[in-house]
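K.L.:
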Amino acid sequence: MQNIWLHRYALIIAVLTALLFLSGTVVTTNEDRPFYAEGQSHVWFGVVAGSLLVGLILWLWRTKERAWLWRLAWLAGSIALVDGVVGASFDQPPAGVRILHSLLGQIFFSATIAIALMTSQAWQKRPEPIEKTGRLKFLAIATPAVVLLQVILGAAHRHGAMGLAMHLVWAMVVGLFLVPVMAIIFSIPEPRLRSAGIALSIVACSQILLGFGVFIMQSIDADPEALIVAASVHATIGALTLATTVVIALLVWRVSVQARSAEPRPLSRRSEDTAARPALA
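The sequence shown begins at 17 in my numbering and counts up one residue at a time.
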């Protein structure tokens, strides 16, 4: 039976994680002040989100929910713990540590979104049948990888580990890659998958436009505070873009599993011999 309160609880954790990521990017984007100098809100968001996640793990354990969902919550908790240790271990961490901290935050956010999806009522509904899912499964795996590389390049640029050129070039690659992905998703009758495709189109376009907006603001030496806000929102939408690709991958996986279970199983040799015998009068 669907537990609507469990889903709402998971949604709260996902929202807090988004605020946690946004507050973290505001701190790390401000290069004129020490790392975490004004990160009290970031720390508190992390404490609250981590505490609620512990509660979610206990909830899933006590209610005997699906074992794989409980393991996913454990995985998210482990990532959050490592991320917290990495973020709190340095007053002024080197660029590599900052990139790792950002990457773990991206993965943690995607994990909370995945948990919110798999505790929803929509996840329980039987998906529409799809005849061939081979190409779709490949794209479902490739798309998060392509977007993850983009957010890594963005984090590397934001923390001064590399220039902007690679991030801009790969942004165009991501945009071109998403065109056939969207075409295939929109050709599929499964409504949840199409809804996720629409969401990915919106956040990806917003991410690309914001990225070029930040580039223009840097070129014209825009107001530093406005640039910090724009860059922070840009990074947060990047995390949301990655999370949306993970949602699509999970939906494709569910459709594929449903398609395999709906396929007629071949008769065994013994069953075929039995069926071939004439019925006895």
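No residue lacks a Cβ here, since even glycine has one placed at the ideal position from N, Cα and C.
Just so you know, these numbers come straight off a predicted model, no measurement behind them.
Mark residue 258 as exposed unless 16 or more other C-beta atoms lie within 10 angstroms of its C-beta, in which case mark it buried.
P.N.:
Here residue 258 refers to the residue found at position 242 of the sequence shown. Counting Cβ neighbours within 10 Å, residue 258 comes out buried, since at least 16 surround it.
K.L.:
Cα separation between residue 51 and residue 200?
P.N.:
Residue mapping note: residue 51 aligns to position 35 of the sequence shown, counting from 1. Residue mapping note: residue 200 aligns to position 184 of the sequence shown, counting from 1. Low confidence applies here, because residue 51 scores a pLDDT of 43, under 50, leaving its location unreliable; read the following figure in that light. Rounded to whole angstroms, residue 51 to residue 200 spans 43 Å at the Cα level.
K.L.:
Would DSSP call residue 130 helix, strand or coil?
P.N.:
Taking the sequence shown and counting its residues from 1, one reaches residue 130 at position 114. It is helical.
K.L.:
Given residue 265, which residues of its chain have a CB within under 8 Å of its CB, disregarding the five upstream and five downstream residues?
P.N.:
Taking the first residue of the sequence shown as 1, we reach residue 265 at position 249. So the qualifying residues of the chain are 156, 157, 159, 160.
K.L.:
Report all residues from its chain with a CB closer than 7 Å to the CB of residue 172; omit the five preceding and five following residues, and keep chain order.
P.N.:
Along the sequence shown, one-based indexing puts residue 172 at 156. The residues are 115, 178.
K.L.:
Note down, one range per segment and in chain order, each alpha helix (DSSP H) of at least 4 residues found wholly within the region 176-243.
P.N.:
Counting whole runs of 4 or more residues, the region 176-243 contains the alpha helix (DSSP H) stretches 181-202, 207-235.
K.L.:
What are the boundary residues of the alpha helix (DSSP H) that includes residue 174?
P.N.:
Position 158 of the sequence shown, counted from the first residue, corresponds to residue 174. It spans 150-174 - the alpha helix (DSSP H) in which residue 174 sits, taken as one unbroken run.
K.L.:
Any idea what DSSP makes of residue 29, helix, strand or coil?
P.N.:
As a first step, residue 29 is located in the sequence shown; it is residue number 13 there, counting from the start. The answer is helix: DSSP assigns residue 29 an H, G or I state.
K.L.:
To the nearest whole angstrom, what separates the beta carbons of residue 208 and residue 267, a pair I think is in contact under 8 Å?
P.N.:
Here residue 208 refers to the residue found at position 192 when the sequence shown is read from its first residue. Here residue 267 refers to the residue found at position 251 when the sequence shown is read from its first residue. Confirmed, about 6 Å.
K.L.:
Going by alpha carbons, who is nearest to residue 153 out of 29, 270, 21?
P.N.:
Position 137 of the sequence shown, counted from the first residue, corresponds to residue 153. Closest option to residue 153, Cα to Cα, is 270.
K.L.:
Give the DSSP-derived three-state secondary structure of residue 108 in the structure shown.
P.N.:
Taking the first residue of the sequence shown as 1, we reach residue 108 at position 92. Of the three classes helix, strand and coil, the one that applies to residue 108 here is coil, per DSSP.
K.L.:
Taking only the alpha-carbon atoms, compute the straight-line gap between residue 27 and residue 58 and give it to the nearest angstrom.
P.N.:
Your numbering for residue 27 matches position 11 in the sequence shown. Your numbering for residue 58 matches position 42 in the sequence shown. Cα-Cα distance, rounded: 19 Å.
K.L.:
For residue 228 and chain C, any beta-carbon pair shorter than 7 Å?
P.N.:
Among the chains of the structure shown, chain C does not appear; only one protein chain is present.
K.L.:
From this set, 84, 97, 189, 82, which residue's C-alpha is nearest residue 70's C-alpha?
P.N.:
Your numbering for residue 70 matches position 54 in the sequence shown. Closest by alpha carbon: 97.
K.L.:
Report the three-state DSSP secondary structure of residue 39 (helix, strand or coil).
P.N.:
Taking the first residue of the sequence shown as position 1, residue 39 is located at position 23. Three-state result, residue 39: helix.
K.L.:
Taking the straight line between their C-alpha atoms, what separation do you get for residue 129 and residue 252?
P.N.:
For the purposes of this step, residue 129 is identified with residue 113 of the sequence shown, where counting begins at 1. For the purposes of this step, residue 252 is identified with residue 236 of the sequence shown, where counting begins at 1. Roughly 14 Å between the two C-alpha positions.
K.L.:
Near residue 135, which residues of its chain fall below 6 Å by C-beta distance, leaving aside the five closest residues on each side in sequence?
P.N.:
Within the sequence shown, the letter at position 119 stands for residue 135. For residue 135, where only same-chain residues beyond five positions count, the Cβ hits under 6 Å are 22, 23, 26.
K.L.:
Just checking my contact of residue 250 with residue 230 at CB under 8 Å: how many whole Å lie between their CB atoms?
P.N.:
Residue 250 sits at position 234 when you count from the first residue of the sequence shown. Residue 230 sits at position 214 when you count from the first residue of the sequence shown. 5 Å between Cβ atoms; contact.
K.L.:
When DSSP labels each residue in this structure, what does residue 272 get in the three-state scheme?
P.N.:
Within the sequence shown, the letter at position 256 stands for residue 272. Helix.
K.L.:
Just the C-alpha distance for residue 139 and residue 238, rounded to the nearest angstrom, thanks.
P.N.:
Here residue 139 refers to the residue found at position 123 when the sequence shown is read from its first residue. Here residue 238 refers to the residue found at position 222 when the sequence shown is read from its first residue. In a straight line, the C-alpha of residue 139 is about 44 Å away from that of residue 238.
K.L.:
Whole-angstrom Cβ separation of residue 243 and residue 233, contact assumed at under 8 Å?
P.N.:
As a first step, residue 243 must be located in the sequence shown, where it is residue number 227. As a first step, residue 233 must be located in the sequence shown, where it is residue number 217. Right, their Cβ atoms sit about 5 Å apart.
K.L.:
By how many angstroms is the C-alpha of residue 123 removed from the C-alpha of residue 100?
P.N.:
On the sequence shown, residue 100 is found 84 positions in, with the first residue counted as 1. On the sequence shown, residue 123 is found 107 positions in, with the first residue counted as 1. Using only the alpha carbons, I get a separation of about 13 Å.
K.L.:
Have a look at residue 89 and residue 194 and give me their C-alpha separation to the nearest angstrom.
P.N.:
Locating residue 89 in the sequence shown gives position 73, counting from the first residue. Locating residue 194 in the sequence shown gives position 178, counting from the first residue. Approximately 29 Å between the Cα atoms of the pair.
K.L.:
Give the DSSP-derived three-state secondary structure of residue 136 in the structure shown.
P.N.:
Counted from its first residue, the sequence shown places residue 136 at position 120. If DSSP states are grouped into helix, strand and coil, residue 136 belongs with coil.
K.L.:
From the DSSP output, in three-state form, read off residue 79 for me.
P.N.:
For the purposes of this step, residue 79 is taken as residue 63 along the sequence shown, with counting starting at 1. Three-state DSSP puts residue 79 in coil, outside helix and strand.
K.L.:
Might you give, ordered along the chain, the residues of its own chain that have their beta carbon closer than 8 Å to the beta carbon of residue 34, omitting 5 neighbours on each side?
P.N.:
The count along the sequence shown starts at 1 and reaches residue 34 at position 18. Cβ within range, chain order: 125, 252, 255, 256.
K.L.:
Report buried or exposed for residue 53, applying the criterion of at least 16 other Cβ atoms within 10 angstroms of its Cβ.
P.N.:
The sequence position of residue 53 within the sequence shown is 37, counting from 1. Confidence at residue 53 is low in this model, with a pLDDT of 46, below 50, so its placement is unreliable and the value that follows should be read with caution. Exposed, by the Cβ-count rule.
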